[in-house]
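So the sequences go chain by chain: B and D. Residues in the first sequence are numbered from 1 upward in steps of one, following my numbering. Residues in the second sequence are numbered from 1001 upward in steps of one, following my numbering. Backbone N, C-alpha and C fix where the C-beta goes; we use that ideal spot for every residue, glycine too.
There are 2 protein chains.
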Amino acid sequence: MKNKATPPLIIVGSIGIDTIETPREKRVEILGGSVSYACAAASFFVKTGMVGVVGTDFPPEHRALWEKMGIDLSGLQTKEGKTFRWSGVYEENMDNRRTLLTELNVFERFTPELPEEYRDASYLFLGNIAPELQLHVLEQVRNPKFILIDTMDLWISIAREKLIEVVGRCDMLTLNESEARLFTGARSLMDAARILLAMGPEFVLIKKGAGGSMLFSKNGIFLLHAFPLADFKDPTGAGDTFAGGLMGALAELNATDEKSIRRAMLYGSVTASFGVEEFSLERLAVLNRKEIDDRADTLKSMFYID
Amino acid sequence: MKNKATPPLIIVGSIGIDTIETPREKRVEILGGSVSYACAAASFFVKTGMVGVVGTDFPPEHRALWEKMGIDLSGLQTKEGKTFRWSGVYEENMDNRRTLLTELNVFERFTPELPEEYRDASYLFLGNIAPELQLHVLEQVRNPKFILIDTMDLWISIAREKLIEVVGRCDMLTLNESEARLFTGARSLMDAARILLAMGPEFVLIKKGAGGSMLFSKNGIFLLHAFPLADFKDPTGAGDTFAGGLMGALAELNATDEKSIRRAMLYGSVTASFGVEEFSLERLAVLNRKEIDDRADTLKSMFYID
Chain B
1 MKNKATPPLI
11 IVGSIGIDTI
21 ETPREKRVEI
31 LGGSVSYACA
41 AASFFVKTGM
51 VGVVGTDFPP
61 EHRALWEKMG
71 IDLSGLQTKE
81 GKTFRWSGVY
91 EENMDNRRTL
101 LTELNVFERF
111 TPELPEEYRD
121 ASYLFLGNIA
131 PELQLHVLEQ
141 VRNPKFILID
151 TMDLWISIAR
161 EKLIEVVGRC
171 DMLTLNESEA
181 RLFTGARSLM
191 DAARILLAMG
201 PEFVLIKKGA
211 GGSMLFSKNG
221 IFLLHAFPLA
231 DFKDPTGAGD
241 TFAGGLMGAL
251 AELNATDEKS
261 IRRAMLYGSV
271 TASFGVEEFS
281 LERLAVLNRK
291 EIDDRADTLK
301 SMFYID
Chain D
1001 MKNKATPPLI
1011 IVGSIGIDTI
1021 ETPREKRVEI
1031 LGGSVSYACA
1041 AASFFVKTGM
1051 VGVVGTDFPP
1061 EHRALWEKMG
1071 IDLSGLQTKE
1081 GKTFRWSGVY
1091 EENMDNRRTL
1101 LTELNVFERF
1111 TPELPEEYRD
1121 ASYLFLGNIA
1131 PELQLHVLEQ
1141 VRNPKFILID
1151 TMDLWISIAR
1161 EKLIEVVGRC
1171 DMLTLNESEA
1181 RLFTGARSLM
1191 DAARILLAMG
1201 PEFVLIKKGA
1211 GGSMLFSKNG
1221 IFLLHAFPLA
1231 DFKDPTGAGD
1241 TFAGGLMGAL
1251 AELNATDEKS
1261 IRRAMLYGSV
1271 TASFGVEEFS
1281 LERLAVLNRK
1291 EIDDRADTLK
1301 SMFYID
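Right, dumping it as structure tokens:
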């Protein structure tokens, strides 16, 4: 029997059924979760393996969509019970959102187990799950070239020591502005980044939503604009889409140097700008690589100085 | 008698004595005003003529500082009475400020009169004063190549029609995000820019503070990052410093095309990043051109993608 191929990129994270209300629209029970957004974004660049869990109630059409996008589902577990549910509402300016409901369901006892062929993957994205589960993934991979870790305020608050341990074993940490401040106690992002780099990762990527993103390393700072959109429908999952697209593009470049990371960030950012145009994966499901390449060129020309 | 030389750039605006409180420091009766910040910034690039008014109480050392910076003061009026006073306090995050006191004093009856030799200037920056006074300046210039106009929420609210008239006669309008929304009623900056461009100017420059700036034209959008600072002392006058540096650099390039405007914005933004490092003109007073050039190169390298 032929061995299964190792996907160049493996992503671990949550899968949820979301109910989302924006000032203009409410959508009930749509596909969400960090690993769903991230794998969808990465799928435009390389074969990507998904590690996550769904319940026996998970709609088959969602799984079919992932398969249609070329995502490898060998690491997807199906457990007796209900899929993770999340519900949130965005305020008028879409900048702030409130969580209305979180039902962990099968996600509560999730333990990420990598199929044998995933353990040799070169690129690994540890999406936002408990630090001890992220650590459990790290114990299964053999020789990764580049590991990106995401986290959230909850883990910073309740699992700080474990989080610092796992961050120290990764190449890049990504978080948003307020999480960077919460994690470090620093007021300025530059001070926060210095403290986070001292935890071990070579790169710290701070996400600022429509304000773009900042990459910090020992060599300095890289600043990237978000693609300016006249309108968007749903920012849920934008950070995961950005990070997933980044890791997909970096794996496609088969590189880990800063020059390649800058280029991969451009691709991740552009992929995320498409994602927010519609709810869930609705825009990514009909997106093609040429649209991504064209918008990446447009964004680059928007900050070009002769 | 030899005719006086025409400075390439003329700037009109307010001159004030400011009292400013930040979370860490309070400074009483320091030099401020839009034309003071803007001329100081422009002076690194070209000879700049200042048009404004002070009272008989105006401290001679402020005038001496402007002269030391090479600013032409032929258009500076001194009137019987007190100089304009302004006082404000910045909140903890330095993002919001409250005005505590505004005393117009001699500024109340200010009428900008251009010395004969100023009327042939090629570059004109109409700082934030009443639209009818800005119009009065336009009636005095003979053949300007490029006019930038700034404004504020007050004029948008109480002199909207006059403001629209004067904006229609300028090449570029600059305002901040909230002013752009107030002026147009649009929610997104892209919609706001479209409406503002329809008023006549070829360029609309939206200032976003530490979030950078956006230049809109019929050709599209240019996005510029602000130089990331670990710390700064006083953001007062940053917008005027940015616009003054931009106009100085553009006058130095002796151009009005978008390629040159992009480069001039880089210089304006970098000059403003120095300005906020200290209160009033304290940093600009000891700044040199090489520092500006070096930081402009650094900022450019920070958003470069190979």
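- Nearest Cα to residue 1122 of chain D within the set D:1250, D:1277, D:1269 and D:1281: D:1250.
- Residue 188 of chain B reaches chain D at 1230 and 1231, counting residues in chain order whose Cβ is nearer than 7 Å.
- Nearest to residue 302 of chain B by alpha-carbon distance, out of B:229, B:245, B:162 and B:42, is B:229.
- Here the segment 200-217 of chain B lies against the segment 255-264 of chain B, with 3 or more beta-carbon pairs under 8 Å apart.
- Annotation: residue 171 of chain B has no Cβ neighbours in chain D at a cutoff of 9 Å; minimum Cβ distance is about 20 Å.
- Listed in chain order, the non-local C-beta contacts of residue 1085 of chain D below 7 Å within the same chain comprise 1016, 1017, 1101, 1103 and 1105, local neighbours out to five positions each way being set aside.
- Taking the C-beta atoms as reference points, residue 114 of chain B is found no nearer than 8 Å to residue 151 of chain B.
- Within chain B, the residues 211 have their CB atoms less than 7 Å from the CB of residue 1211 of chain D, given in chain order.
- Neighbours of residue 1221 of chain D in chain B, taken as residues at a C-beta separation under 8 Å, are given in chain order as 228 and 302.
- The criterion of a C-beta distance shorter than 8 Å is satisfied by residue 1274 of chain D and residue 1284 of chain D.
- Taking a 10 Å sphere around the C-beta of residue 220 of chain B, we find fewer than 16 other C-beta atoms and assign the residue as exposed.
- Taking a beta-carbon distance threshold of 8 Å, residue 1079 of chain D does not count as an interface residue toward chain B.
- For a cut-off of 8 Å, the C-beta gap from residue 1272 of chain D to residue 1245 of chain D is around 6 Å, short enough to register as a contact.
- About 6 Å separates the beta carbons of residue 1280 of chain D and residue 1032 of chain D, which is inside the 8 Å limit, making them a contact pair.
- About 5 Å separates the CB atoms of residue 52 of chain B and residue 35 of chain B; that is less than 8 Å, so the two are in contact.
- Taking 8 Å as the cut-off, the beta carbon of residue 55 of chain B is found no closer than this to the beta carbon of residue 19 of chain B.
- Unbroken alpha helix (DSSP H) runs of no fewer than 4 residues, entirely contained in the segment 1250-1305 of chain D, are found at 1258-1275 and 1289-1302, following chain order.
- Distance from the Cα of residue 1160 of chain D is smallest, within the candidate group D:1170, D:1304, D:1148 and D:1132, for D:1132.
- The beta carbon of residue 1028 of chain D sits closer than 7 Å to those of 1019, all from its chain and outside the five residues before and after it, given in chain order.
- Within chain D, no residue has its beta carbon less than 7 Å from that of residue 234 of chain B; the closest one is some 16 Å off.
- Here DSSP, grouped into helix, strand and coil, assigns residue 1190 of chain D to helix.
- For residue 21 of chain B, the enclosing beta strand (DSSP E) begins and ends at 16-21.
- The beta carbon of residue 1142 of chain D sits closer than 8 Å to those of 1119 and 1120, all from its chain and outside the five residues before and after it, given in chain order.
- Straight-line spacing of the CA atoms in residue 46 of chain B and residue 165 of chain B works out to 29 Å.
- Where residue 1217 of chain D is concerned, the enclosing beta strand (DSSP E) starts and stops at 1213-1217.
- The three-state reading of DSSP puts residue 77 of chain B in strand, counting E and B together.
- DSSP assignment within the segment 38-118 of chain B yields the following whole alpha helix (DSSP H) runs of 4 residues or more, N-terminal first: 60-68.
- Scanning chain D for C-beta atoms nearer than 8 Å to the C-beta of residue 206 of chain B yields nothing, as the closest lies near 11 Å away.
- By the 16-neighbour rule on beta-carbons within 10 angstroms, residue 1288 of chain D is exposed.
- Within a 10 Å sphere around the beta-carbon of residue 1096 of chain D sit fewer than 16 other beta-carbons, which makes this residue exposed.
- A Cβ-Cβ separation of about 6 Å places residue 1012 of chain D in contact with residue 1127 of chain D under the 8 Å criterion.
- Using a 10 angstroms sphere on the CB of residue 296 of chain B, the tally of other CB atoms reaches 16 or more, which defines it as buried.
- At a cut-off of 8 Å between C-beta atoms, residue 250 of chain B does not count as an interface residue with respect to chain D.
- Neighbourhood of residue 1305 of chain D in chain B, by CB distance below 7 Å: 262, 263, 266 and 300, in chain order.
- Pairing residue 1087 of chain D with residue 1069 of chain D, the inter-Cα distance amounts to about 25 Å.
- In the three-state DSSP reduction, residue 1152 of chain D falls in the coil class, being neither helix nor strand.
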